[in-house]
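Written out below as structure tokens is the structure these notes cover.
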Amino acid sequence: MLSPRPSTLGRAAFVAAYGGIYEHSPWVAEAVYDAGIGAGDDAAPALAGRMAQVVDAADGNAKLALLRAHPELAGRLAVAGNLTADSTAEQASAGLDRCTPEEFAEFHALNARYTARFGFPFIVAVRGLTRQDILEAFRSRAGNGRETEFATALRQVHRIARLRLEAMQGG
Numbered sequence: 000m001l002s003p004r005p006s007t008l009g010r011a012a013f014v015a016a017y018g019g020i021y022e023h024s025p026w027v028a029e030a031v032y033d034a035g036i037g038a039g040d041d042a043a044p045a046l047a048g049r050m051a052q053v054v055d056a057a058d059g060n061a062k063l064a065l066l067r068a069h070p071e072l073a074g075r076l077a078v079a080g081n082l083t084a085d086s087t088a089e090q091a092s093a094g095l096d097r098c099t100p101e102e103f104a105e106f107h108a109l110n111a112r113y114t115a116r117f118g119f120p121f122i123v124a125v126r127g128l129t130r131q132d133i134l135e136a137f138r139s140r141a142g143n144g145r146e147t148e149f150a151t152a153l154r155q156v157h158r159i160a161r162l163r164l165e166a167m168q169g170g
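Heads up: the sequence shown begins at 0 in numbering that gives the first Met the number 0, then just goes up one per residue.
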């Protein structure tokens, strides 16, 4: 069960607790709450599924804004210490805060090329991955078409959200 249990919260408390699950996108939590919260939503998988449905039903502009709300990996915001607490912990768990100068330079170059090509930052659920895993995925996905990469980025955003909810649950 999530703590605090979603089904016991009023709208403001629910949005305060779960509005950051999707990076800088409290509209997801607002829409889930407005559609109705029940005891079944107290389990992370159920709430994750409901949140993913809201995102999947959103229009293309809302999805693009959601993708653009994510920070670059090992990017300017990370270096400046301006990531959300969740993003900071996730990037640190993959060692992105300990890049060698060469790795940092490659991340910077890949971020610039990727964003120029697709119009949103490279997104991958980094938890459980190494810097090398991430760089490999980055290099590989940079060759995708825009539609494929847009769908892949959304799947990764859903994975990040699910992992965040599971962490709140303690699992």
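Glycine included, every Cβ here is placed at the ideal spot set by N, Cα and C.
Within a 10 Å sphere around the beta-carbon of residue 131 sit fewer than 16 other beta-carbons, which makes this residue exposed. Its Cα nearest to that of residue 107, the residue 70 stands out among 159, 56 and 70.
The residue among 117, 49, 150 and 0 with its C-alpha nearest the C-alpha of residue 160 is 49.
By the neighbour-count criterion, in which 16 or more other beta carbons inside 10 Å mark a residue as buried, residue 110 falls on the buried side.
Note on residue 19: 16 or more other CB atoms within 10 angstroms of its CB, so buried under the neighbour-count rule.
If you ignore the 5 residues before and after residue 10, its C-beta comes within less than 7 angstroms of the C-beta of 32, all in its own chain and listed in chain order. Classified as exposed, residue 104 has fewer than 16 neighbouring CB atoms from the shown chains inside 10 Å of its CB. Going by C-alpha positions, residue 167 is about 13 angstroms away from residue 15.
Within the model, the alpha-carbon separation for residue 127 versus residue 58 is close to 31 angstroms. When C-alpha distances from residue 149 are compared across 118, 163, 86 and 133, the shortest belongs to 118.
For residue 107, the uninterrupted alpha helix (DSSP H) run begins and ends at 100-117, by DSSP. Residue 0 places its beta carbon 7 angstroms or farther from that of residue 40.
Counting only residues of its own chain and dropping the five nearest sequence neighbours on each side, residue 94 has a CB closer than 6 angstroms to the CB of 130. Selection 73, 169 and 153 evaluated against residue 55 yields 153 as nearest (Cα-Cα). Excluding sequence positions up to five before and after residue 158, its CB lies within less than 7 angstroms of the CB of 124, all in the same chain and listed in chain order.
If you draw a 10 Å sphere on the C-beta of residue 86, you find 16 or more other C-beta atoms in it, and that means buried.
The closest CA to that of residue 92, considering only 121, 133 and 143, is found on 133. In this structure, DSSP gives residue 17 a helical state, which the three-state scheme calls helix.
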